[in-house]
Every structure is written in C-alpha cells, then in structure tokens.
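S.K.:
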Amino acid sequence: MRTMSTITLIVRTLLASVLLAGAALAQTNEPIRIGLLTVKTGPLATGGIQMEQGLNVYLEEHGGMMAGRPVELIVADTGGSPAIAKTKAQELVERDGVDAIIGPLAAYEALAINDYIAEVGVPTLSIAAAEDMTQRTPNPYFIRASSSSAQASHPMGHYAAVDRGFRRAVTIGDDIAYGQEMVAGFQRVFEENGGQVVLKLWPPLNVAEYSAYIAQIRNVDVVYMAFAGANGLRFMRQYEEFGLQGAIPLLGGMTSADESLLKNMTTEALGVIVSSFYSAELDTPANRRFVENIRSAYDVDPGYYAVSAYLEATVLAAGLEQLDGRTDDKAA
Numbered sequence: 002m003r004t005m006s007t008i009t010l011i012v013r014t015l016l017a018s019v020l021l022a023g024a025a026l027a028q029t030n031e032p033i034r035i036g037l038l039t040v041k042t043g044p045l046a047t048g049g050i051q052m053e054q055g056l057n058v059y060l061e062e063h064g065g066m067m068a069g070r071p072v073e074l075i076v077a078d079t080g081g082s083p084a085i086a087k088t089k090a091q092e093l094v095e096r097d098g099v100d101a102i103i104g105p106l107a108a109y110e111a112l113a114i115n116d117y118i119a120e121v122g123v124p125t126l127s128i129a130a131a132e133d134m135t136q137r138t139p140n141p142y143f144i145r146a147s148s149s150s151a152q153a154s155h156p157m158g159h160y161a162a163v164d165r166g167f168r169r170a171v172t173i174g175d176d177i178a179y180g181q182e183m184v185a186g187f188q189r190v191f192e193e194n195g196g197q198v199v200l201k202l203w204p205p206l207n208v209a210e211y212s213a214y215i216a217q218i219r220n221v222d223v224v225y226m227a228f229a230g231a232n233g234l235r236f237m238r239q240y241e242e243f244g245l246q247g248a249i250p251l252l253g254g255m256t257s258a259d260e261s262l263l264k265n266m267t268t269e270a271l272g273v274i275v276s277s278f279y280s281a282e283l284d285t286p287a288n289r290r291f292v293e294n295i296r297s298a299y300d301v302d303p304g305y306y307a308v309s310a311y312l313e314a315t316v317l318a319a320g321l322e323q324l325d326g327r328t329d330d331k332a333a
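Our numbering applies: residue 2 is where the sequence shown begins, and numbers increase by one.
1) So residue 289 is in the alpha helix (DSSP H); what residue range does that whole segment cover?
2) Locate the beta strand (DSSP E) running through residue 308, then write down its first and last residues.
3) Rounded to a whole number of angstroms, what is the C-alpha to C-alpha distance between residue 206 and residue 44?
4) Near residue 99, what residues of its chain come up, given a Cβ to Cβ distance below 8 Å and the 5 sequence neighbours on each side ignored?
5) For the alpha helix (DSSP H) that contains residue 83, what are its first and last residues?
6) Look up residue 330 in the DSSP assignment and say whether it is helix, strand or coil.
7) Going by beta carbon distance, what residues of the same chain come within less than 7 Å of residue 42, once the five residues before and after it are set aside?
8) If contacts are defined as beta-carbon pairs under 8 Å, then residue 312 and residue 146 qualify, I think. What distance do you get, rounded to the angstrom?
9) Leaving out five residues before and five after residue 144 in sequence, what residues of the same chain have Cβ atoms less than 6 Å from its Cβ?
10) Measure the alpha-carbon distance for residue 158 versus residue 196 and round it to whole angstroms.
11) Do three or more CB pairs link the stretch 245-254 to the stretch 272-279 at distances below 8 Å?
12) May I ask you to report which of helix, strand or coil DSSP gives residue 7?
13) Quick check on residue 31: does DSSP put it in helix, strand or coil?
14) Tell me residue 253's beta-bridge partners as DSSP assigns them.
15) By DSSP, does residue 259 sit in helix, in strand, or in coil?
16) Give me the Cα-Cα distance between residue 187 and residue 140, rounded to the nearest whole angstrom.
17) Give the range of the alpha helix (DSSP H) segment to which residue 336 is assigned.
18) What does residue 78 pair with, by DSSP beta-bridge criteria?
19) Where in the stretch 149-196 do unbroken runs of the beta strand (DSSP E), each at least 3 residues long, occur, reported from the N-terminal end onward?
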C-alpha cells in the first residue's frame with residue numbers, strides 16, 4: 002500500500018513532467034530570434050548587403066521557418082567597425098534576446114566579439130574567415146560553414162609557382178586580418194614551390210586611390226591581390242589604367258573579384274584569375290536553385306558573401322532540427 006508521501010512524490014513528478022512538456026510546447030510555438038551582424042555602410046557594405054540577401058533567400062525558401070518554428074530576424078549594421086560590432090552583439094544578446102547570431106562579416110570584427118560570445122554562450126555562425134577563431138584559439142560557440150582566409154589562397158600559390166612557373170611576386174591586400182591571412186597562405190605555398198614574394202603592399206581598408214602602391218610594382222612575374230568588398234574592383238580598374246593589365250598577370254583571393262561584382266566590371270577583369278570555394282556556375286541542383294532565387298529576388302549573381310550566409314543558415318537550421326527546435330540548450 003502506497004503511503005501519502007509516496008503519492009505526493011508521484012503527483013509532484015507528474016506535475017513537473019507536465020510543466021516541462023508545456024514549456025517545451027510553448028517554446029516550439031515561439032519564434033526563433035536570430036541576430037544578423039552585417040555591414041551596410043562603409044567599404045565592406047557590398048559584401049554585407051549580399052550576406053543579408055543570402056540569408057533572406059534561405060528564409061524565403063523555407064517559409065520563414067527553422068525546425069518547425071518561425072524565425073524573427075533582427076539586423077544590425079556594424080559599419081565594419083570592431084567596437085561597433087561588439088556593441089551590436091551585446092545589444093542583440095542582452096536587449097533583443099537572440100537565440101543565435103549569424104555574422105559578423107570581417108575577421109577583425111569576429112576577433113573583437115570572440116571573448117564576449119564565449120562568455121554569454123550564444124551560438125554564432127559567421128562568414129568571418131579569421132583562422133584564429135577555428136584553429137589556434139577555437140571558440141566552441143563559433144562556427145564557420147565557409148572557408149578560412151588562407152584556405153583558397155593555398156592552391157593559388159601552387160598554381161602560380163608550379164602551373165605558371167612564376168618566380169617573383171608582389172602581393173597587395175587590405176591591411177586587415179583577412180587580407181593578411183590570404184597573402185600569408187599564398188606566400189607560404191608559392192615559396193614552398195620555388196617562388197619568392199619580393200614586396201608586400203598593405204593599403205588601408207578604406208583607401209580609394211591605389212596609384213602610390215601600383216607605382217611600386219615592377220620587375221616581377223605576377224601580382225597577387227587580397228581584397229574584400231568592392232576594393233578589388235577599384236584596384237583592378239586602376240591597375241588597368243596604369244597599363245599593367247596583360248603586362249604583369251594578376252591573380253587574386255576569393256573576394257578580390259567576387260562574382261557578384263562582375264556585372265559592374267568591364268575590361269579591367271579580363272585575364273584576372275581568382276581562387277574560391279564557390280562559383281555561381283557550380284552545376285548542382287541545390288546551387289542552380291539558389292542562384293535562380295538570388296537572381297530573381299535581387300537581380301545579382303551570388304558570390305562568396307551571399308552563399309556563405311546561406312550556408313550558415315543551413316547549418317543553424319540543421320542543428321535546431323537535431324534539438325527538435327529547442328533553443329534552451331545553447332551548448333548543444
């Protein structure tokens with residue numbers, strides 16, 4: 002015969018189970034709040050706008066849902082500033098109560114918010130390519146579904162030294178972590194295969210005029226550029242104006258001549274070769290659908306920034322599916 006204390010314990014256990022089930026059901030009916038840390042002003046705005054486009058296309062393809070729950074998207078403009086990126090991340094977490102963050106764009110922004118993200122334990126899926134984030138000082142709450150800064154520049158170093166037989170190179174890149182790591186990847190493999198980087202040029206991220214840097218390029222076999230946003234477009238135009246196009250081959254990192262910018266280019270892009278993990282010409286059913294949807298919605302070809310944000314959303318949704326849409330266990 003059960004005692005009153007035993008019956009009380011059973012009732013309390015059943016009540017707790019009902020309350021937990023009710024809480025789980027309530028959560029599945031609530032929207033998943035996602036913060037998008039992107040860049041809508043400044044020299045990186047071209048890429049930041051494409052990030053938002055890629056994420057919007059993902060949500061449109063999936064009816065604005067992830068793991069059976071509606072998605073509420075909160076967009077924050079960092080302006081490409083590390084300090085603002087940290088402030089916006091804090092606002093998204095502490096004011097807006099986001100369940101996850103997609104972004105930021107730039108490597109130096111990701112490095113600026115890294116400690117905060119680890120402290121508060123908010124899953125952050127970023128296209129920021131800083132290698133420290135996933136290699137030397139990995140953060141368990143930081144995920145990158147695209148490539149690191151140097152990843153695509155390694156094969157370009159091999160191509161330049163082995164396939165083309167170039168021996169002397171000049172590199173030029175944005176003076177930020179992303180540009181520096183792209184150049185380092187190219188230089189490492191280029192020099193491992195008999196080449197030599199004889200000069201490295203580092204214009205500031207927001208420079209508009211490259212003539213002082215281009216004037217230093219001489220007596221080399223090849224130039225390797227490592228730019229973000231629309232900087233590569235401006236550099237190539239001035240490179241052509243200086244008469245170097247065709248005289249000294251121009252190679253580049255994955256965003257130096259992004260496909261999303263090609264429709265804004267004319268003869269300055271002729272002969273330029275870049276390496277990337279993605280191309281809009283990738284002939285798979287999933288990519289054909291993605292490209293068609295981007296073109297239909299925004300009349301642009303997708304490039305690195307759009308597809309990377311799309312991939313981050315895909316990975317986030319897959320993780321939420323594994324948790325049946327629950328967002329209460331951030332570590333999982």
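All C-beta atoms, glycine included, are put in the ideal place defined by N, C-alpha and C.
M.R.: On the basis of the coordinates in this document:
1) Within the sequence shown, numbered from 1, the residue matching residue 289 stands at position 288. Per DSSP, residue 289 belongs to the alpha helix (DSSP H) from 286-299.
2) Numbered from 1 along the sequence shown, position 307 holds the residue referred to as residue 308. Careful: residue 308 lies outside any beta strand (DSSP E), inside the alpha helix (DSSP H) at 305-323.
3) Taking the sequence shown and counting its residues from 1, one reaches residue 206 at position 205. Taking the sequence shown and counting its residues from 1, one reaches residue 44 at position 43. Computed Cα separation, rounded: 7 Å.
4) On the sequence shown, residue 99 is found 98 positions in, with the first residue counted as 1. Here the set comprises 34, 35, 36, 75, 93, 123.
5) Residue numbering aside, residue 83 sits at position 82 when the sequence shown is read from its first letter. Residue 83 -> alpha helix (DSSP H) spans 83-91.
6) In the sequence shown, the residue the question calls residue 330 occupies position 329. DSSP places residue 330 in coil when its eight states are reduced to three.
7) Numbered from its first residue, the sequence shown carries residue 42 at position 41. Same-chain partners within the cutoff: 78, 80.
8) Counting from 1 along the sequence shown, the entry for residue 312 is found at position 311. Counting from 1 along the sequence shown, the entry for residue 146 is found at position 145. Yes, residue 312 and residue 146 are in contact; Cβ-Cβ is about 4 Å, under 8 Å.
9) The count along the sequence shown starts at 1 and reaches residue 144 at position 143. If we look at residue 144 and ignore the five residues flanking it on each side, its Cβ neighbours are 126.
10) Along the sequence shown, read from residue 1 onward, the residue named residue 158 stands at position 157. Along the sequence shown, read from residue 1 onward, the residue named residue 196 stands at position 195. The straight-line gap from Cα to Cα measures roughly 9 Å.
11) yes
12) What you label residue 7 is simply residue 6 of the sequence shown in a count that begins at 1. Low per-residue confidence applies at residue 7: pLDDT is 46, beneath 50, and the placement is therefore not dependable enough to give any value.
13) By one-based count along the sequence shown, residue 31 stands at place 30. Residue 31 falls in the coil class under three-state DSSP.
14) In the sequence shown, counting from the first residue as 1, residue 253 sits at position 252. Bridge partners of residue 253: 226, 275.
15) Here the question's residue 259 lines up with position 258 in the sequence shown. Note: residue 259 maps to coil in three-state DSSP.
16) Along the sequence shown, one-based indexing puts residue 187 at 186. Along the sequence shown, one-based indexing puts residue 140 at 139. Taking the straight line joining both Cα atoms gives about 26 Å.
17) Residue 336 falls outside the range modelled here, since the chain spans only 2 to 333, and no answer is possible.
18) Translated into the one-based positions of the sequence shown, residue 78 becomes position 77. In DSSP, residue 78 forms a bridge with 39.
19) 169-174
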